[in-house]
Amino acid sequence: MKFHSARQAIHDAYAIHMRSKGFEVNLAAAVSQLDALKELSAMHRKLGRMSEETPTQKRQKAVFQRKIEQYAPVSFAHGDRSTKMDVDQLIWDSKDAAKVIAVVEKFPAHLKAWCYWCYSPLGDTNQGWFKQIDAEAEIRKCLNKANELSGLASGLPGRIARCKTEVRRAELSAMDTNELMEQAADLEEKAIRLTRVHKQMLQHHSYCAPFWNWLDKRITENAPRKIRQKTLINVHNVCRASVYNYRHQVVTGIQKPLMSRKVVCEMFGVPSTNFEGSYRPWVSWSSIVCDELDKTALPAVAKKLELF
595 MKFHSARQAI HDAYAIHMRS KGFEVNLAAA VSQLDALKEL SAMHRKLGRM
645 SEETPTQKRQ KAVFQRKIEQ YAPVSFAHGD RSTKMDVDQL IWDSKDAAKV
695 IAVVEKFPAH LKAWCYWCYS PLGDTNQGWF KQIDAEAEIR KCLNKANELS
745 GLASGLPGRI ARCKTEVRRA ELSAMDTNEL MEQAADLEEK AIRLTRVHKQ
795 MLQHHSYCAP FWNWLDKRIT ENAPRKIRQK TLINVHNVCR ASVYNYRHQV
845 VTGIQKPLMS RKVVCEMFGV PSTNFEGSYR PWVSWSSIVC DELDKTALPA
895 VAKKLELF
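According to the working numbering, the residues represented by the sequence shown are 595 to 902, in order.
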């Protein structure tokens, strides 16, 4: 196996290990991915062929355009992408992979998980994270609506008595308390089902959990003591988005961030008015943390492989 960089070495080493050990991962997708540029070119050609004659077609084209903008495959340059390998080559590649894995597995838990997530096929994809975000938002939406309906049902007689307009009193009188409670129960059941799906998503990426737990702890330790809980949640989301931007940039070489400030604010409900003052420093802090992790992990791998 030919190594060009420590990052590529980590990716390829774990891809070979996953193939030989029978991990429940689609190795063909991990090892034999199409080149990013080739796939992007095909996506742009498809975008150019899409029509905009109807509103539906315009929406479909806009959605596909967004997909292209968010496209960030974890792939590295390979000379030969054929999955057919002779036995001797496979043995030598496994030996080289073992050297890399031996170094990574000796790292502290959070640093090892960082290598898993940022560079190996064990890390979740950007699209996987977006699905988690959407699932969390849908769970919150269902629970908030269920609480709203439950509160309305329990206080309906009082609301009717206090109502000062005939139109609103008629609307409230037409509501059925039992029906409101049933709707609330249905939403709570939906939230429970979504929570199960969300937990399954997280379990699939359990290899990387030590890194995220370590990062959350670092954020809490560095945050001001009197910070509001809502602001702290926003800080955690901004830092996580910044870390994804870092991986996107170092892996693909594309300097344009995966998630812009506008996207982060819309996706997580972060106030845009005071973003520069309250949250921009955390973006810089996250980049420094990622740099420190790379400066600790990558030189150790490169030294073992005599890349410098």
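For each residue, glycine too, the CB sits at the ideal point set by N, CA and C.
In this text the structure is predicted, and so the values were computed from the model without any measurement.
### Query
If you follow the alpha helix (DSSP H) that Arg-819 is part of, which residue opens it and which one closes it?
That residue, Arg-819, is in no alpha helix (DSSP H); it is neither H nor E in DSSP.
### Query
DSSP three-state call for Asn-831: helix, strand or coil?
The answer is helix: DSSP assigns Asn-831 an H, G or I state.
### Task
Specify, as a first and last residue, the run of the alpha helix (DSSP H) that Cys-859 falls within.
Start and end: 855 to 862.
### Message
If I measure Cβ to Cβ from Ser-880 and keep anything under 6 Å in the same chain, skipping five residues before and after, which residues do I get?
### Response
Excluding the 5 residues flanking it on each side, Ser-880 has same chain C-beta neighbours closer than 6 Å at Cys-833, Ser-836 and Val-837, in chain order.
### Task
Give the C-beta separation of His-605 and Tyr-713 to the nearest angstrom, bearing in mind that I take them to be a contact with Cβ-Cβ under 8 Å.
For a cut-off of 8 Å, the C-beta gap from His-605 to Tyr-713 is around 5 Å, short enough to register as a contact.
### Message
For a quick check, are the C-beta atoms of Tyr-873 and Val-864 less than 9 Å apart?
### Response
Contact flag set, yes.
#### Entry: Terminal residues of the alpha helix (DSSP H) in which His-704 lies
703 to 713
### Task
Taking all protein chains shown into account, decide if Pro-875 is buried (16 or more other Cβ within 10 angstroms of its Cβ) or exposed.
exposed
#### Entry: Segment limits, alpha helix (DSSP H) that includes Phe-597
Taken as a continuous stretch (DSSP letters only), Phe-597 belongs to no alpha helix (DSSP H), as it is neither H nor E.
### Query
Smallest Cα separation from Ala-729: which of Met-861, Pro-851 and Glu-647?
Ranking the options by Cα distance to Ala-729, first place goes to Met-861.
### Residue environment, Arg-790, which counts as buried when at least 16 other CB atoms sit within 10 Å
Answer is exposed; the Cβ neighbour count stays below 16.
### Query
Using a Cβ-Cβ cut-off of 7 Å (strictly less than) and excluding sequence neighbours within five positions of Val-858, which residues of its own chain qualify?
Annotation for Val-858: Val-832, Ala-835 and Val-864 place their beta carbon closer than 7 Å to its own, counting only its chain and skipping 5 residues before and after.
### Message
Within a Cβ cutoff of 7 Å, which residues of the same chain sit near Cys-757, ignoring the five residues on either side of it in sequence?
### Response
Arg-763 and Leu-766
### Message
Applying the 10 Å Cβ sphere with the 16-neighbour rule, what's the burial state of His-638?
### Response
exposed
### Query
In chain order, what residues of the same chain lie with their CB nearer than 7 Å to the CB of Ile-754, ignoring the 5 residues before and after it?
Arg-763, Leu-766 and Ser-767
### Query
For His-598, does the count of other Cβ atoms within 10 angstroms reach 16, so buried, or fall short, so exposed?
exposed
### Task
Can you have a look at Ser-676 and say buried or exposed, based on whether 16 or more other CB atoms are within 10 angstroms of its CB?
Only weak support is given to the placement of Ser-676: the predicted model assigns it a pLDDT of 44, under 50, and the question is left unresolved by the model.
### Message
Measuring alpha carbon to alpha carbon, tell me which residue in Glu-646, Glu-699 and Ala-707 is nearest Leu-809.
### Response
For Leu-809, the nearest C-alpha among the options comes from Ala-707.
### Task
Tell me whether Arg-841 is buried or exposed, calling it buried when 16 or more other Cβ atoms sit within 10 Å of its Cβ.
buried
### Task
Could you check what DSSP says for Asp-780 in three-state terms: helix, strand or coil?
For Asp-780, the three-state secondary structure derived from DSSP is helix.
### Query
Under 9 Å between the Cβ atoms of Ala-731 and Leu-781?
no
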